[in-house]
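First the structure, in the form of structure tokens, and then the observations on it.
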Amino acid sequence: MIKLIKAIAFIGILFIVGCGDKYFADGGNQPSNQSGVLGVSTMDYLKSQSEFDTLTTLIRLTGLEEAVNSKGNTFLAPRDYSIHNYFELLFTDPENKPATLDAIPKEEMDKIAQILKNYIIPNEEIVRSKLLTTYSYVTTLGGKRARFNIVQQDYLGNVNMGAKSIIFSLNTSPTGQPERYQSIQVATADLRSTNGVLHLLNSDTHIFGFN
Amino acid sequence: MKNKIITMCLIILTLTGTSCKRWLDELPINTVTEDQAWQTGSDAEGAVAAAFAIFRRGLSGLTKDDTPSTTRNGSWGDYYFWGDARSGDWITPNNDGDWAAGFQNHLIQRTQLEPMTNWRLFYRAIEQCNLILEKIPEINNGLTQERKLQLLAEARFLRAMSHFYAARIWGDIPINLKARNVEAIGREPINTVMQMVISEVDQAIPNLPWQNKGSRKESMSRGTKGAALALKAHACMWLKDYQGASNAIKEIMDANIFKLVTMDGLRTLFDTGESEEVIFEMYYDVKKGEYSDYYGHIMTYYLTNPYTSRGDLSLAVPKSKILEIYPDYARDKSDKRVAAFFQSIDFSVSSSELRPVFPDPLQNGERAIMFAKFRKVKDRTYNLMDAPVPIFRYADVLLLKAEADARLNRISDALENLNKVRERAGIPLFTRDDQPVVIDEILAERRRELIGEFHRVYDLVRVGRLHEFNPYITAQGEKDGAGFFPVSQEAFANNPRMEQTYYWQFNQ
């Protein structure tokens, strides 16, 4: 009899403590004003991510930290892999490759600064909800014309029902010549830092400097 | 009651007794047995056609039907992996691990790549040819003597072709000239294989026609004198018999069957294969239900929207490499082949629409230029891709003759043929006449002209220079056989005489 009571009690305890049903609860979508909020400045966020440490070092070396962190701007962040491929193209001879980023010659650093400025859109917050499939144009800090639009994929054969992504294109031809845009897909969009908007670029096909 | 039971039993007995004919024991009429198969002329025709079909499947690779252990659906275009991937010219813009492993010569440890090391289908084609050569001589019903000799010559040619193609991939390979082998056969040195190829081709040539019946692509997808001579020339080059190669190609040129088409004519050459430049190819035909599915044609991997429904590039030649390969284009945009072989697509347009093609072929960035040598009309379907698999064409043999002549120090003959190809491409004629420079230039011209046509790696392995272009292969590694594919595990089963390539015994 005692055994039976013990067994029932044991099973009872199992019932009570065994199954939490918390995992059934779905928090739903995060409210749009909280989703993607970083709570830190653009630079601080990039510094905290290992896939951007080359980028942040270059920003520091070119003295563009303030421009990246300025209020109400948009920054499109190329990943380290894109920059790695840029250096592969720039220093084809492994003998002449600088050992550290600090060792890059001054004239190359100036070029890098000029390139970096084209990833900064001053005084404008570009977010996905405001973009359309048609093109809209802005000017980068480097003075080039940049173009934004939305591309929507197909889903299981249903036209225009798949994932939406931002396409960022830059006019790469010199001033006065016909415009030639090179486009990159934004991989992670609409991150909101304390100073502005941050988009992370797809590094598979994009090489730093629009090569 | 008793009567009823008896009647029931009787009915059941009659039913079981009469209703079942013993059809399970009968042979279905569509089963073909050995002694029925080789009787009439149409059996012979079918057997030869089947041999070519097996060879074509051998080129595109083992599929799930062939090896249940592979995870691959459909063929993977293995000819690309064998002949192009390791040339150092290619990248995978979407960072696909299997492609990258192929580029880097890591051919064993990835299970997805293992089937590519299997030569089974080449030997299946060879066995079919052996059977034909054994059985057709006895057939007289519905087969003229002339046609019989031609079919036998075709089988002999294809047997040599399969050995040759396999030898370029695996180096030393078994030579199999019997329909049934009871004893295990081991690998023969590549030079012995090439000598066998040449002697077989020499036997076949007298009975082969210059052209077969049917349209150009049908004609050139079977055995012809041109294909056999081109095969002989290639085999001679491997044996460093430059005079032999030069003579064989001279015969092709003198026949006046083939010519260099115009730049615009290259589209037909690569899209449909109905071209006077084709010497030997393996065609597919949509109308006969032959086309790629998702994984089918290697060529679907080069293309994206607007040619297929792929959104991203899977295989490409990077822009810096294109400028390096085509220095004339880099200097003054004169090389017309860049615009004919490469395209830039406007990737900022939604993938639900047909994306426009930029007028400048190299407008896109380093990793985003499409290799569009093989393409089709814009319709965004994966399948219905039926471009032929190229094997030999006239520009290829012209350049091969140029190389042979240059190595024999007949520089003016070499330059004449080299310049025919350069002239079509719209680049300046080559005039320097010191032998090593000319040989180098011819090799570079072959790279420019035949990019993506499964020649580059074989050319480099033949001259022992693969390690100069592929950073993952060392000079010593190449001497040990890194330029060849490893032999599949399957070839070792029940064959004590089989040996792995030296390099692959130590490198996985």
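So the sequences go chain by chain: A and B.
First residue of the first sequence? That's 60 in the working numbering, and the numbers climb one at a time after it.
First residue of the second sequence? That's 92 in the working numbering, and the numbers climb one at a time after it.
Ideal Cβ positions, reconstructed from N, Cα and C, are used throughout, including at glycine.
None of these values were measured; they are calculated from a predicted model.
>> At 4 residues or longer, what runs of the alpha helix (DSSP H) sit wholly inside the stretch 135-207 of chain A?
In response: 139-149, 165-176
>> So residue 438 of chain B contacts chain A; which residues on that side make the cut at Cβ distance below 7 Å?
In response: Translated into positions along the second sequence, residue 438 of chain B becomes position 347. The contacting residues are 242.
> By the criterion of Cβ-Cβ separation under 9 Å, what are the contact partners of residue 479 of chain B in chain A?
Replying inline: If you number the second sequence from 1, residue 479 of chain B lands on position 388. The contacting residues do not exist; residue 479 of chain B stays about 29 Å from chain A at best.
>> For residue 396 of chain B, count the other beta carbons within 10 Å of its own beta carbon; 16 or more makes it buried, fewer makes it exposed. Which is it?
In response: The residue you call residue 396 of chain B lines up with position 305 of the second sequence. When all chains shown are included, residue 396 of chain B counts as buried.
> When we look at the beta-carbon of residue 100 of chain B and count the other beta-carbons within 10 Å, is it buried (16 or more) or exposed?
Replying inline: Residue numbering aside, residue 100 of chain B sits at position 9 when the second sequence is read from its first letter. Here residue 100 of chain B is exposed: its Cβ has fewer than 16 other Cβ atoms, across all protein chains shown, within 10 Å.
>> Determine, for residue 418 of chain B, whether the minimum Cβ-Cβ distance to residues of chain A falls below 8 Å.
In response: The residue given as residue 418 of chain B occupies position 327 in the second sequence. By this cut-off, residue 418 of chain B is not an interface position.
> What three-state label does DSSP hand residue 264 of chain A in the structure shown?
Replying inline: As a first step, residue 264 of chain A is located in the first sequence; it is residue number 205 there, counting from the start. Residue state, collapsed to three classes: coil.
>> With a threshold of 8 Å between beta carbons, is residue 184 of chain B in contact with chain A?
In response: Residue mapping note: residue 184 of chain B aligns to position 93 of the second sequence, counting from 1. Interface residue, yes.
> From this set, B:94, B:295, B:414, B:481, which residue's C-alpha is nearest residue 171 of chain B's C-alpha?
Replying inline: As a first step, residue 171 of chain B is located in the second sequence; it is residue number 80 there, counting from the start. Among B:94, B:295, B:414, B:481, the Cα nearest to that of residue 171 of chain B is on B:481.
>> Does residue 229 of chain A come out as helix, strand or coil in the three-state DSSP assignment?
In response: Taking the first sequence and counting its residues from 1, one reaches residue 229 of chain A at position 170. Here residue 229 of chain A sits in strand by DSSP.
>> Three or more C-beta pairs under 8 Å: does that hold for the stretch 329-338 of chain B against the stretch 261-271 of chain B?
In response: The stretch 329-338 of chain B vs the stretch 261-271 of chain B: no contact.
> Between A:251, A:211, A:202, A:217, which lies nearest to residue 176 of chain A when the distance is taken from Cα to Cα?
Replying inline: Here the question's residue 176 of chain A lines up with position 117 in the first sequence. Residue A:202 is the option with its Cα nearest to residue 176 of chain A.
> Relative to the C-alpha of residue 232 of chain B, which residue among B:381, B:131, B:577, B:418 is closest?
Replying inline: Position 141 of the second sequence, counted from the start, is the residue given in the question as residue 232 of chain B. Closest option to residue 232 of chain B, Cα to Cα, is B:131.
> What first and last residue would you give for the alpha helix (DSSP H) that runs through residue 113 of chain A?
Replying inline: As a working note, residue 113 of chain A is residue 54 in the first sequence. That run of the alpha helix (DSSP H) goes 112-120.
> Taking the C-alpha atoms as reference points, what is the distance between residue 476 of chain B and residue 537 of chain B?
Replying inline: Against the second sequence, residue 476 of chain B aligns to sequence position 385. Against the second sequence, residue 537 of chain B aligns to sequence position 446. Between residue 476 of chain B and residue 537 of chain B, the C-alpha separation is close to 26 Å.
> When the Cα of residue 578 of chain B is compared with those of B:542, B:200, B:459, which residue comes out closest?
Replying inline: If you number the second sequence from 1, residue 578 of chain B lands on position 487. When each option's Cα is compared against that of residue 578 of chain B, the closest is B:200.
> Using DSSP with H/G/I as helix, E/B as strand and the rest coil, what is residue 476 of chain B?
Replying inline: Residue mapping note: residue 476 of chain B aligns to position 385 of the second sequence, counting from 1. In this structure, residue 476 of chain B counts as coil in the three-state DSSP scheme.
> Residues of chain B with a CB under 9 Å from the CB of residue 267 of chain A: which are they?
Replying inline: Translated into positions along the first sequence, residue 267 of chain A becomes position 208. Result: empty, since nearest Cβ-Cβ is about 10 Å, beyond 9 Å.
>> Going by the DSSP bridge assignment, what does residue 214 of chain A pair with across the sheet?
In response: Residue 214 of chain A sits at position 155 when you count from the first residue of the first sequence. Paired residue(s): A:217.
> Under a three-way DSSP split, which group does residue 276 of chain B fall into?
Replying inline: Here the question's residue 276 of chain B lines up with position 185 in the second sequence. When DSSP states are grouped into helix, strand and coil, residue 276 of chain B belongs to the coil group.
> Ordered along the chain, which non-local residues of its own chain (more than five positions away) have a Cβ less than 6 Å from that of residue 574 of chain B?
Replying inline: For the purposes of this step, residue 574 of chain B is taken as residue 483 along the second sequence, with counting starting at 1. Once the five neighbours on either side are set aside, the close Cβ partners of residue 574 of chain B are 552, 557.
> At a CB-CB cut-off below 8 Å, which residues of chain B make contact with residue 210 of chain A?
Replying inline: As a working note, residue 210 of chain A is residue 151 in the first sequence. Those are 439, 440, 441, 442, listed as they occur along chain B.
> Whose C-alpha, out of B:442, B:415, B:188, is nearest the C-alpha of residue 263 of chain A?
Replying inline: In the first sequence, the residue the question calls residue 263 of chain A occupies position 204. The candidate whose alpha carbon is nearest that of residue 263 of chain A is B:188.
>> Under 9 Å, CB to CB, which of the residues in the stretch 222-235 of chain A have a partner in chain B?
In response: 226, 227, 228, 231
> Any Cβ of chain B within less than 8 Å of the Cβ of residue 260 of chain A?
Replying inline: Here residue 260 of chain A refers to the residue found at position 201 when the first sequence is read from its first residue. With 8 Å as the cut-off, residue 260 of chain A does not count as an interface residue toward chain B.
> Tell me the DSSP bridge mates of residue 240 of chain A?
Replying inline: Stepping through the first sequence from its first residue, residue 240 of chain A is reached at position 181. In the DSSP output, where bridge partners are listed per residue, residue 240 of chain A has A:230.
>> Does chain B have any CB closer than 8 Å to the CB of residue 198 of chain A?
In response: Walking along the first sequence from the start, residue 198 of chain A turns up at place 139. It does not: the Cβ of residue 198 of chain A has no partner Cβ on chain B nearer than 8 Å.
>> For a cutoff of 8 Å on Cβ pairs, would you count residue 119 of chain A as touching chain B?
In response: Translated into the one-based positions of the first sequence, residue 119 of chain A becomes position 60. No, residue 119 of chain A lies away from the interface with chain B (no Cβ there is under 8 Å from its Cβ).
>> For residue 143 of chain A and residue 105 of chain A, I'd like the C-alpha separation in whole angstroms.
In response: Counting from one through the first sequence, the residue named residue 143 of chain A turns up at place 84. Counting from one through the first sequence, the residue named residue 105 of chain A turns up at place 46. The alpha-carbon atoms of residue 143 of chain A and residue 105 of chain A are separated by roughly 17 Å.
>> Taking the straight line between their C-alpha atoms, what separation do you get for residue 208 of chain B and residue 175 of chain B?
In response: Position 117 of the second sequence, counted from the start, is the residue given in the question as residue 208 of chain B. Position 84 of the second sequence, counted from the start, is the residue given in the question as residue 175 of chain B. Between residue 208 of chain B and residue 175 of chain B, the C-alpha separation is close to 15 Å.
> In angstroms, rounded to a whole number, what distance separates the CA positions of residue 523 of chain B and residue 129 of chain B?
Replying inline: Here residue 523 of chain B corresponds to residue number 432 of the second sequence, with the count starting at 1. Here residue 129 of chain B corresponds to residue number 38 of the second sequence, with the count starting at 1. Their backbone Cα atoms lie some 58 Å apart in a straight line.
> For residue 272 of chain B, is the classification buried or exposed, using 16 other Cβ atoms within 10 angstroms of its Cβ as the cut-off for buried?
Replying inline: Numbered from its first residue, the second sequence carries residue 272 of chain B at position 181. Residue 272 of chain B is exposed by the Cβ-count criterion.
> When the Cα of residue 269 of chain A is compared with those of A:145, A:93, A:245, A:90, which residue comes out closest?
Replying inline: As a first step, residue 269 of chain A must be located in the first sequence, where it is residue number 210. Nearest option by C-alpha distance: A:145.
> Would you say the stretch 278-291 of chain B touches the stretch 245-258 of chain B, given that touching needs at least three Cβ pairs under 8 Å?
Replying inline: yes
> So the alpha helix (DSSP H) residue 139 of chain B belongs to, where does it begin and stop?
Replying inline: If you number the second sequence from 1, residue 139 of chain B lands on position 48. Looking at the DSSP string, the run of the alpha helix (DSSP H) that includes residue 139 of chain B is 132-151.
> Hey, quick one: how far does the beta strand (DSSP E) through residue 488 of chain B stretch, first residue to last?
Replying inline: Taking the first residue of the second sequence as 1, we reach residue 488 of chain B at position 397. Segment 485-498 is the alpha helix (DSSP H) holding residue 488 of chain B; no beta strand (DSSP E) there.
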